[in-house]
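Enquirer: For reference, the structure I am asking about is given below.
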């Protein structure tokens with residue numbers, strides 16, 4: 029098999045009004061003075077700033093081959109945004125709609141060997157008509173990429189579709205084989221009740237150019253590098269054209285895939301040989317997921333509280349390289365997060381591979397954000413594309429949830445029911461959600477109310493968004509806000525970068541201060557405090573009405589001012605450390621019932637200790653300090669696996685010593701096991717005279 033990359037410099041012609049025909053553009057491509065674009069790339073980051081419409085691309089290539097007869101040749105596109113039409117050597121190959129799908133064309137009859145081939149691709153990523161179509165009746169299935177409050181221009185009618193994501197953003201490959209092309213391989217595992225055996229169902233979809241059916245042997249084996257090597261083979265019939273093969277076999281004593289906080293994320297490498305045709309390998313994992321009637325999540329029959337976040341790693345998929353992916357996923361694990369909601373979009377394969385490898389679960393949204401066209405044509409298109417999402421991402425063990433729509437409003441009753449059924453028709457092994465809707469998004473302290481509302485633990489049992497904006501660190505914000513617009517802030521400029529003045533000043537009541545440093549500190553302090561309160565209140569109710577929470581948002585997808593705790597330049601905000609501490613698998617959470625005391629009075633607090641691990645913590649204790657002076661100790665604390673430990677204030681007697689005069693102090697609670705601090709809380713208190 030020959031796999032030839034068609035990446036590189038392609039000639040291009042911008043056609044903003046989509047007026048050129050193929051014949052006209054083919055003639056124009058004969059010019060020697062055309063610009064070139066490095067492919068793969070989103071055109072916005074290659075100099076076509078704020079361009080919406082059509083761009084034509086041309087790539088010429090030559091194949092040296094001895095065997096020109098009976099080849100099977102396909103050109104595969106791994107991602108083009110959004111409408112695509114393709115010609116090879118003047119022959120029209122076909123049309124594709126969508127931004128995330130892999131798709132291919134059989135070019136066996138029109139490819140030329142030992143001479144130049146001309147590949148022309150028309151890509152149309154239009155701007156939807158503001159007010160009439162966008163934002164309430166959108167027709168493009170692009171999710172957050174063309175409508176969101178974290179993208180360039182935010183909600184603005186004028187600017188909300190700026191910096192179009194169009195382009196050939198992923199690899200283009202020419203694949204040549206003598207007989208067969210493997211379209212995809214779908215691997216499903218079914219664990220026995222005792223988890224001691226697993227049945228594998230392997231479905232191979234293929235395209236063959238043979239003239240008549242041929243018998244052959246298909247052999248499966250797990251990699252020689254791995255434990256418990258398994259082998260299986262079966263005689264099959266390979267038929268001409270598009271077909272599928274279906275196999276079922278057993279793996280004994282399977283090694284299971286776990287999230288990082290419950291075990292190791294073990295990945296199998298399945299080697300597949302279709303004798304006399306081809307051989308290839310696929311990664312897969314064996315694991316079992318379940319959500320019970322109370323929305324409690326189970327992985328391999330172990331209950332797991334979901335400590336989550338939302339993520340949009342980038343606004344431009346072509347820039348998300350392996351280095352950025354590893355940094356982002358590494359930071360997520362560093363923050364003690366065990367599940368990530370891929371927010372209202374489908375990302376690139378390499379990101380999912382990294383989540384698989386690192387043992388981080390995923391809630392995968394479909395690319396629908398807010399509301400869309402109500403037509404049957406749109407519904408049919410959405411049904412087709414959501415099936416393509418599921419098929420394309422099917423083998424990633426990290427994906428536990430499929431979600432059909434983000435904040436659909438009333439469309440949850442119409443469109444989303446069709447999408448739910450569509451997902452269920454192709455995947456019965458995962459949890460499917462109609463939507464992540466407003467009743468799961470408690471933005472107390474940001475869009476309404478105040479952060480104290482989290483004491484009522486609103487909107488459970490699965491809370492899929494909560495949070496507050498915070499300014500990036502100074503060295504980051506100076507990179508994208510000009511000095512003349514930085515301070516005093518030019519809020520029109522800031523709003524383009526997603527800053528929300530009304531909520532910042534009138535609900536959160538954040539103070540600007542005397543300079544940008546004050547503003548950054550006040551902003552990050554507020555976000556940190558809101559996240560601390562929300563997470564602690566929710567985790568205290570572990571499996572007593574709350575089964576999982578997803579903070580919004582982890583990292584900025586472009587240089588902006590959003591709900592993130594890590595900015596676009598990988599600088600951590602104060603909120604990152606709050607999440608890291610508050611999402612620790614073992615959490616001490618002190619409910620300090622008052623923060624002002626008379627001298628020599630009793631401290632007033634409740635104790636919660638949350639253990640998300642399946643490890644018992646024996647003979648632990650809590651040290652209580654004012655500043656660095658130890659004033660009390662609570663001993664003989666035994667914490668059961670996967671439990672919440674609680675002690676009411678009435679059962680606690682810790683006095684403030686007379687030696688502390690009136691003033692402000694730091695009150696520390698340190699949960700320790702074998703002299704090691706497992707978790708701690710720090711509060712400010714005031715001591716006053718009677």
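Residue numbers (this note's numbering): 29 to 718. Virtual Cβ for every residue (Gly too), placed ideally from N, Cα, C. Quick caveat: nothing in here was measured; it's all calculated off a predicted structure.
1. Would DSSP call residue 424 helix, strand or coil?
2. Less than 8 Å between the CB atoms is what I'm expecting for residue 266 and residue 305, so what's the real figure, rounded?
3. Can you say whether residue 609 is buried or exposed, counting buried as having 16 or more other CB atoms within 10 angstroms of its CB?
4. Identify, in the order they occur along the chain, each residue of the same chain with its Cβ nearer than 7 Å to the Cβ of residue 274, setting aside the five sequence neighbours on each side.
5. What first and last residue would you give for the alpha helix (DSSP H) that runs through residue 384?
6. Considering only C-alpha positions, which residue in the set 613, 713, 206 and 644 is nearest to residue 630?
7. Could you spell out where the beta strand (DSSP E) holding residue 309 opens and where it closes?
8. Would you call the stretch 396-411 in contact with the stretch 374-383, where contact means no fewer than 3 C-beta pairs closer than 8 Å?
9. Do the stretch 519-527 and the stretch 176-189 meet, that is, are 3 or more Cβ pairs less than 8 Å apart?
10. Kindly indicate the opening and closing residues of the alpha helix (DSSP H) around residue 42.
11. State the beta-bridge partners of residue 446 as determined by DSSP.
12. Under three-state DSSP, which class holds residue 363?
13. May I have the straight-line CA-CA distance separating residue 72 from residue 106, to the nearest angstrom?
14. Ignore the nearest five residues each way along the sequence and tell me which others in residue 92's own chain have a CB closer than 8 Å to its CB.
15. Which residue from 341, 366, 322 and 317 puts its Cα closest to that of residue 330?
16. Helix, strand or coil, according to DSSP, for residue 226 in the structure here?
17. In the DSSP assignment, what residue or residues form a beta bridge with residue 105?
18. Measure the alpha-carbon distance for residue 613 versus residue 417 and round it to whole angstroms.
19. Who pairs with residue 210 in a beta bridge, going by DSSP?
20. Give a yes or no on whether the C-beta atoms belonging to residue 463 and residue 427 are separated by under 9 Å.
21. Quick one: grab the DSSP three-state call for residue 331.
22. If we require 3 or more residues per run, which beta strand (DSSP E) segments fall completely within the stretch 623-701?
23. Check whether the stretch 695-704 touches the stretch 640-656, taking contact to mean three or more Cβ pairs, one atom from each stretch, closer than 8 Å.
24. From residue 58 to residue 413, what distance separates their C-alpha atoms?
25. Can you check which of these residues, 227, 211, 212 and 376, is closest to residue 218 by C-alpha distance?
26. Can you name the residues that DSSP bridges to residue 393?
27. If you draw a straight line from the alpha carbon of residue 724 to that of residue 448, how long is it in whole angstroms?
28. Using the three-state DSSP reduction, which class does residue 529 fall into: helix, strand or coil?
29. Would residue 616 pass as a contact of residue 642 if the rule is Cβ separation under 9 Å?
30. Pull up the CB-CB distance for residue 84 and residue 148, whole angstroms please, since I reckon it's below 8 Å.
31. Quick check on residue 622: buried or exposed, where buried means 16 or more other Cβ atoms within 10 Å of its Cβ?
32. Kindly indicate which residue of 627, 682, 169 and 118 has the alpha-carbon position closest to the one of residue 144.
33. For residue 285, which residues in the same chain have their Cβ closer than 6 Å to its Cβ, ignoring the five residues on either side in sequence?
34. Measure the beta-carbon distance from residue 749 to residue 355 and round it to whole angstroms, keeping in mind my assumption that it falls under 8 Å.
35. Is it true that the stretch 581-594 meets the stretch 533-545, where meeting means three or more beta-carbon pairs spaced less than 8 Å apart?
36. Residue 153: which of 270, 195, 336 and 676 sits nearest, CA to CA?
Expert: Put simply:
1. coil
2. 7 Å
3. buried
4. 231
5. DSSP places residue 384 in the uninterrupted alpha helix (DSSP H) bounded by 377-386.
6. 713
7. From DSSP, the beta strand (DSSP E) with residue 309 extends over 306-312.
8. no
9. yes
10. Unbroken run through residue 42 is the beta strand (DSSP E), 36-43; no alpha helix (DSSP H).
11. Paired residue(s): none; residue 446 is not in a bridge.
12. coil
13. 19 Å
14. 141 and 142
15. 317
16. strand
17. 131 and 200
18. Computed Cα separation, rounded: 32 Å.
19. 234
20. Result no, Cβ atoms of residue 463 and residue 427 do not sit closer than 9 Å.
21. strand
22. 624-626, 633-639, 645-654, 657-667, 671-675 and 691-701
23. yes
24. If you take the alpha carbons of residue 58 and residue 413, they lie about 36 Å apart.
25. 227
26. 431
27. Outside the displayed range of the chain (29 to 718) lies residue 724, so it cannot be described from this structure.
28. helix
29. Result no, Cβ atoms of residue 616 and residue 642 do not sit closer than 9 Å.
30. With a Cβ gap of about 7 Å, residue 84 and residue 148 count as contacting.
31. exposed
32. 118
33. 293, 294, 313, 315 and 425
34. No answer is possible for residue 749: the residues shown for the chain start at 29 and end at 718.
35. no
36. 195
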